[in-house]
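Q:
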Amino acid sequence: MDAASAAIRFDEVTLGYGRRPAVHHLHGDIPSGSLMAVVGPNGAGKSTLLKGVVGTLKPLEGQIRLNGPSSEIAYLPQVAEIDRSFPLSVYDLVAMGLWSRSGLFGGISAKDRTKIEAALAAVGLIGFERRPISTLSGGQMQRALFARLLLQDAPVILLDEPFTAIDAKTTADLLDLVRRWHAEKRTVVAVLHDLDMVKRVFPKTLLIAREPVAWGDTLDVLSADNLLKARRMVEAHDPHAHVCQRSAA
Amino acid sequence: MRMSASAAPHKDRSVLDLLYSPFSEFEFMQRALVGVIAIALGGGPVGVFLMLRRMSLTGDAMAHAILPGAAIGYLLAGLSLPAMTFGGLAAGVIVAMAAGLVSRFTSLKEDASLAAFYLLSLALGVTIVSLRGSNVDLLHVLFGTVLALDDNTLLLLASISTLTVLALAALYRPLVLECVDPIFLRSVSRSGTPTHLIFLGLVVMNLVGGFHALGTLLAVGMMMLPATAARFWTSDITMMMIVSVLIGIVSGIAGLLLSFHAELPAGPAIILSAGIVYVASLLIGREGGVLWLAWPGKHLEA
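Order-wise, the sequence lines are chains A and B. When you number the first sequence by this note's numbering, it's gap-free, plus one each residue, and the end is 1030. When you number the second sequence by this note's numbering, it's gap-free, plus one each residue, and the end is 757.
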């Protein structure tokens, strides 16, 4: 695969905390416009992988190359990371999706207001504009964050467990947005646990358990054999671990 | 043309006179009034952000960190405004920056690293003071001299509040976003760390300004009390800042009058007034005040 069509390229990437790898020697490309799921047991390095792509975590070894600046990535972390008690309205939270264009000082034009309203309508949050975010349910909050993603209008979208603890109706609505992004040729990478959903919606899958177990067409990757292999991952650190000798070259 | 309270023909006039004449007749009261208004203008909004960023105790710790710096300035140059201001700023900035950087790049949280640094600087300051022996003038540092503000001090206070309001306006978005969703801010902009450091700088500046009038220990009061009181009246950040400024000004005026008529020390009277506003807001504030929680009224249909 040539470099131009790869949205994200992993070059023998090892990500981790301290000297302990959480993602060990990942190598490969995520082609531009692909719709890919990242699955694996808890502690397999799925969230770590996304943090590496966004750039909040530097690789211990190897390189992550992006086809474009990292500001063109829209990233939805796990829900727990947001301070819901802060006195902010749903409208203002969603409007922050325009940051890359408005920046520190830029005003919000009438055209931007139309966009914000369209995004709120797309996630079914019309009428919630003035509500403080502290009054939202988990599902409503996730809808608001998807509206913000819509406004970010990014070619690459990373979702970290976007449907955890979200009801069926909201999940279905938000999955429609994911399909829409795919149809618009955006690159979408989502960390997921629902394998049925992965099989239904995501053509490509990366199965990871610290070491990449399998990566490719979803139905091949999610074979019983591979899943068993992933489940055998040892989560605990080995106190006598040796220095890894695999080269990054 | 001064009319004494007893000569006033109506009772209304005499009450008005009690509120008005101290400021119209005495220059030191006018200066104190200008001083507390300047402090309220800068301190209120900074306090609101300290509160929203869950850094209320950080302000307190910073105030302690300023004390030894100001004391060193005093020991080197006497009761000189520039020396004490510079000493306080330097000590505060060093402690704030060091604590901020440690919490950002190590696993230690900001409150813990701040506690470590301010204790260090406090101990250092006390040691230096004790080398030269204490002095009555040091009370100036501890409790301030709101009734003896000279032109230069007023200029300093006004400059600090002007700079604070301008800087907060410029940093408003990253400041808010860094509290609500720091990961999102990091994914769209690199302004997070500089914003945080500039904000800590503003906190230090306002505390240093405040200590000239109210002393290091009470300066935080004009920051946190109006801000926490304002939280009980609105959930909109802009309104919260405006309300906090108003509460600060009202408390300042009330405190000065209280001090004038009841012959109380001015600094504590101002902070006590702010404290009374806080307790009143806690009880009757429309946004989560105790009375509204106790008697919310019958529930709605939807």
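For every residue, glycine included, the Cβ atom is placed at its ideal position computed from N, Cα and C.
What whole-angstrom Cβ distance do residue 662/B and residue 547/B have, given they're in contact under 8 Å?
A: 6 Å
Q: Provide the residue span of the alpha helix (DSSP H) that contains residue 624/B, from first to last.
A: 606-635
Q: Between residue 462/B and chain A, is there a C-beta pair that is closer than 8 Å?
A: Because the pLDDT at residue 462/B is just 42, under 50, the model does not fix this residue reliably, and the value given afterwards should be weighed accordingly. Cβ-Cβ to chain A under 8 Å: no for residue 462/B.
Q: Looking at C-beta atoms only, is the number of pairs between the segment 829-847 of chain A and the segment 789-806 of chain A that lie closer than 8 Å three or more?
A: yes
Q: Taking residue 650/B as part of the alpha helix (DSSP H), name the residues at either end of that continuous run.
A: 647-674
Q: Which two residues bound the contiguous beta strand (DSSP E) that contains residue 806/A?
A: 801-812
Q: Can you look up residue 817/A in the DSSP assignment and give me helix, strand or coil?
A: strand
Q: Going by other Cβ atoms of all chains shown within 10 Å of its Cβ, with 16 needed for buried, is residue 827/A buried or exposed?
A: buried
Q: Would residue 495/B and residue 677/B be called neighbours here (beta carbons separated by less than 8 Å)?
A: yes
Q: Report yes if the CB atom of residue 903/A is closer than 8 Å to the CB atom of residue 928/A, and no otherwise.
A: yes
Q: From this set, 647/B, 602/B, 722/B and 650/B, which residue's C-alpha is nearest residue 398/B's C-alpha?
A: As shown, chain B starts at 456 and ends at 757. That puts residue 398/B outside it, with no answer to give.
Q: Report the residues of the segment 819-843 of chain A with a CB closer than 7 Å to any CB of chain B, ordered along the chain.
A: 835 and 837
Q: Give a yes or no on whether the minimum CB-CB distance between residue 893/A and chain B is below 8 Å.
A: no
Q: What residue from 922/A, 899/A, 976/A and 993/A has the CA that sits closest to residue 808/A's CA?
A: 993/A
Q: Between the segment 499-516 of chain B and chain A, which residues of the former have a C-beta closer than 7 Å to a C-beta of the latter?
A: The segment 499-516 of chain B vs chain A, Cβ under 7 Å: 507.
Q: Going along the chain, which unbroken runs of the alpha helix (DSSP H) with 4 or more residues stay wholly within the segment 911-989 of chain A?
A: 919-933, 949-964 and 976-982
Q: Mind checking whether residue 741/B and residue 747/B have CB atoms under 8 Å apart?
A: yes
Q: DSSP three-state label for residue 698/B, please.
A: helix
Q: According to DSSP, is residue 751/B part of a helix, a strand, or is it coil?
A: coil
Q: Could you confirm whether any beta carbon from chain A is found closer than 8 Å to the beta carbon of residue 562/B?
A: no
Q: Whole angstroms are fine: how far does the CA of residue 553/B sit from the CA of residue 568/B?
A: 8 Å
Q: Applying the criterion that 16 or more other CB atoms from any shown protein chain within 10 Å of the CB defines a buried residue, is residue 471/B buried or exposed?
A: exposed
Q: Output the residue ranges of the alpha helix (DSSP H) runs that lie fully inside the segment 816-852 of chain A and measure 4 residues or longer, sorted by chain position.
A: 827-835
Q: For residue 690/B, which residues in chain A fall below 7 Å Cβ to Cβ?
A: Those within 7 Å of residue 690/B in chain A are 868 and 913.
Q: So, using beta-carbon positions, are residue 518/B and residue 570/B closer together than 8 Å?
A: no
Q: Apply the 10 Å Cβ neighbour rule to residue 716/B and answer buried if 16 or more other Cβ atoms are within range, or exposed otherwise.
A: exposed
Q: I want to see whether chain A comes within less than 8 Å of residue 639/B, judged by CB atoms only; does it?
A: Residue contact check for residue 639/B against chain A: a CB pair falls below 8 Å.
Q: Could you check whether the Cβ of residue 472/B sits closer than 8 Å to any Cβ belonging to chain A?
A: no
Q: May I have the straight-line CA-CA distance separating residue 997/A from residue 925/A, to the nearest angstrom?
A: 32 Å
Q: Between residue 831/A and residue 858/A, what straight-line distance do the alpha-carbon atoms span, to the nearest angstrom?
A: 9 Å
Q: Return the bridge partner residues of residue 796/A from the DSSP annotation.
A: In DSSP, residue 796/A forms a bridge with 804/A.
Q: Run through chain A and tell me which residues come within less than 7 Å of residue 644/B, C-beta to C-beta.
A: 880
Q: Which residue spans inside the segment 696-743 of chain B form an unbroken alpha helix (DSSP H) run of at least 4?
A: 721-739
Q: What distance in whole Å lies between the Cβ atoms of residue 955/A and residue 923/A, which are believed to be in contact at a cut-off of 8 Å?
A: 7 Å
Q: On the DSSP bridge list, what partners appear for residue 996/A?
A: DSSP output for residue 996/A lists 987/A as bridge partner(s).
Q: Enumerate in chain order the residues of its own chain whose CB-to-CB distance from residue 805/A is below 7 Å, with the five nearest sequence positions on each side excluded.
A: 795, 991 and 992
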